[in-house]
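Q: Residues 10 to 179 in my numbering are what the sequence shown lists, from first letter to last. Where a beta carbon is used, it is the ideal one built from N, C-alpha and C, also for glycine.
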Amino acid sequence: MKTVAFPIEKKNIKDILFDLAALAFITLTPALSHLSSVPLYLLEPMRIVLLLSLVHTSKRNTYLLTIALPLFSFLISSHPSFVKAALISSELALNIFLFYYMSKILNNYFGAALVSIIASKAYYYIIKFGMLQTGLLGGELTASPIWLQVILSLVFAGYVGWFFKKKIQL
Numbered sequence: 010m011k012t013v014a015f016p017i018e019k020k021n022i023k024d025i026l027f028d029l030a031a032l033a034f035i036t037l038t039p040a041l042s043h044l045s046s047v048p049l050y051l052l053e054p055m056r057i058v059l060l061l062s063l064v065h066t067s068k069r070n071t072y073l074l075t076i077a078l079p080l081f082s083f084l085i086s087s088h089p090s091f092v093k094a095a096l097i098s099s100e101l102a103l104n105i106f107l108f109y110y111m112s113k114i115l116n117n118y119f120g121a122a123l124v125s126i127i128a129s130k131a132y133y134y135i136i137k138f139g140m141l142q143t144g145l146l147g148g149e150l151t152a153s154p155i156w157l158q159v160i161l162s163l164v165f166a167g168y169v170g171w172f173f174k175k176k177i178q179l
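Here it is, written out as structure tokens:
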């Protein structure tokens, strides 16, 4: 009997392990929310995973996760709905695209991260408003308080800015 091996390059192992952990985290988030009575979705778990991927894995892998996380969540739990999963996916992809684009223009990773997060959130809420008006989506425009979104945006941008600044100094 022959053994078939699929060689995995060493540089891809980190991305694969990260992706498996990310999928597990996204899968467990609803269960952890129910168990703890804390609505963890308010902390934007997909954006957390995406920004961790941005600083700890490859650009290609980060873009892959912008599609995979919302789709995987929809396939596993039917939440969010397919339309909302597509909206979230496009928002996350815009966030990453704008980060890379703005980091070249601003030459400041904190600023690039903050602008990209704010711009992608603005995109999300504008499109979601239109979807609510046309009946493609139901529910409220905002699920989490604006003050929490501002704090999280600053924390996320701070982490990305700190990490890339530290990476450049090394």
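Report the rounded CA-to-CA distance for Asn117 versus Val164, giving the unit in angstroms.
A: Straight-line measurement puts the Cα of Val164 at about 16 Å from the Cα of Asn117.
Q: Once DSSP output is grouped into helix, strand and coil, what is the label at His43?
A: helix
Q: Taking Pro54 as part of the alpha helix (DSSP H), name the residues at either end of that continuous run.
A: 54-65
Q: For Glu149, which three-state DSSP category applies?
A: Here Glu149 sits in coil by DSSP.
Q: Is Phe173 buried or exposed, if buried means 16 or more other CB atoms sit within 10 Å of its CB?
A: buried
Q: Out of Gly170, Ala31, Leu146, point me to the one whose CA is closest to Ala95's CA.
A: Leu146
Q: Going by Cα to Cα distance, which pick from His43, Gly120, Pro39, Ile57 is closest to Ile85?
A: The option with the nearest alpha carbon to Ile85 is Pro39.
Q: Taking contact to mean 3 or more Cβ pairs, one atom from each stretch, closer than 8 Å, check whether the region 17-29 and the region 56-69 are in contact.
A: yes
Q: Compare the C-beta of Leu61 against all C-beta atoms of chain B and say whether one is closer than 7 Å.
A: No chain B is present in this structure, which holds just one protein chain.
Q: Beta-carbon within less than 7 Å of Met55's beta-carbon, same chain only, minus the 5 sequence neighbours each way: which residues are those?
A: The beta carbon of Met55 is closer than 7 Å to those of Ile35, Leu78, Pro79, Ile97, Leu101 in its chain, skipping five residues each way along the sequence.
Q: By DSSP, does Thr143 sit in helix, in strand, or in coil?
A: DSSP places Thr143 in helix when its eight states are reduced to three.
Q: By the DSSP assignment, the alpha helix (DSSP H) with Pro79 in it spans what residues?
A: 68-86
Q: Take Ser112 and list the residues in its own chain whose beta-carbon comes closer than 7 Å to its own, dropping the five residues that flank it on each side.
A: Tyr118, Ala121
Q: Report the three-state DSSP secondary structure of Val169 (helix, strand or coil).
A: In the structure shown, Val169 sits in a helix (DSSP, three-state: H, G or I).
Q: Rounded to the nearest angstrom, how far is the Cβ of Ala166 from that of Leu103, given a contact under 8 Å?
A: Not really, about 15 Å apart at Cβ, beyond 8 Å.
Q: Return the CA-CA distance between Leu73 and Ser46, expressed in angstroms with no decimal places.
A: 31 Å
Q: Whole angstroms are fine: how far does the CA of Thr75 sit from the CA of Ile22?
A: 19 Å
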